[in-house]
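Visitor:
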């Protein structure tokens, strides 16, 4: 009985140490790295009017995906998305719009503003459409510092 109690205490202690010793920065590893695991900024089911996250890219090859999902929507929505890098960092915001069957309607890469300046877009999503946002590094060592991405529904 005593061995079982000691084993249970040891397991609980190990789980607690793993939970509390994990740094917030490491939470981004493997997070939102594909279309399938994209972080939802808007869903026609939940219909949230805003979203904000501050995350870091883990390496030069890391990509973070976000989605505005209007696949179950009954009307067009308009919105703005702003990705703000830390000072002197340059990020790229890729925008991929897909129709209800998953066909790509358009692709654009926003990287016009340079290091330390936000990349932004105001756009729409018709019923049945999904719009993915891909945040990635644009240069050597433009990662490992947090960037902020915000979504705001305008209509």
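In mature numbering (1 follows the signal peptide of the UniProt record, and there is no 0), the protein residues as written are -27 to -1, 1 to 128. All C-beta atoms in this analysis are idealised placements derived from N, C-alpha and C, irrespective of residue type, glycine included. Quantities reported herein were computed from a predicted structural model and do not represent experimental measurements.
(1) Consult DSSP for residue 99 and reduce its assignment to one of helix, strand or coil.
(2) Based on the DSSP secondary-structure assignment, which residues constitute the bridge partners of residue 71?
(3) Are the Cβ atoms of residue 105 and residue 15 separated by less than 9 Å?
(4) What beta strand (DSSP E) runs, 3 residues minimum, are completely inside the region 8 to 72?
(5) Should residue 17 go down as buried or exposed, given a rule of 16 or more other Cβ atoms within 10 Å for buried?
(6) Based on Cα-Cα distance, which residue from 81, 98, 100 lies nearest to residue 92?
(7) For residue 120, does the three-state DSSP call read helix, strand or coil?
(8) Spell out the partners DSSP gives residue 93 in its beta bridges.
(9) Can you check DSSP and say which residues form a bridge with residue 110?
(10) Quickly, what does DSSP pair residue 83 with across the bridge? List them, please.
(11) Among the residues of its own chain, which have a CB less than 7 Å from the CB of residue 13, if the five just before and after it don't count?
Guide: A quick look at the data gives this:
(1) coil
(2) 77, 103
(3) no
(4) 12 to 16, 23 to 29, 36 to 43, 50 to 57, 64 to 71
(5) buried
(6) Measuring from the Cα of residue 92, the nearest candidate turns out to be 81.
(7) strand
(8) 55
(9) 64
(10) 66
(11) So the qualifying residues of the chain are 40, 42.
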